[in-house]
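Notes to accompany the following structure.
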């Protein structure tokens, strides 16, 4: 990960999604002066998490491309997800 300081421009780049970037810019531009650092810190964390997730995904893709088992702990959430989907279907949710 880069050791460069986080800036508004760097956060926008790290978010990697125009709609998300627009949300960030809207929030940072409308924040009162006393809330600027809080808003910036929130989005800096989101950007850092996004960059870390992308890096992890790229590392996992290398293992997957070689047909290897993916490293790290994995929780099988299939049953929970299927149960949630079934409840959503039963209640008429999209």
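In the numbering used here, the protein residues as written are 176 to 269. From the three backbone atoms N, C-alpha and C, an ideal C-beta is built for every residue, glycine too. Quick caveat, the model's predicted, so the values are computed rather than measured.
- Closest in C-alpha terms to residue 198, from the list 217, 208 and 209, comes 217.
- In this structure, the beta-carbon distance from residue 181 to residue 222 falls below 8 Å.
- The continuous alpha helix (DSSP H) containing residue 228 extends over residues 211-240.
- In the pairwise beta carbon analysis, the stretch 220-236 is classified as touching the stretch 184-199: at least three pairs are separated by under 8 Å.
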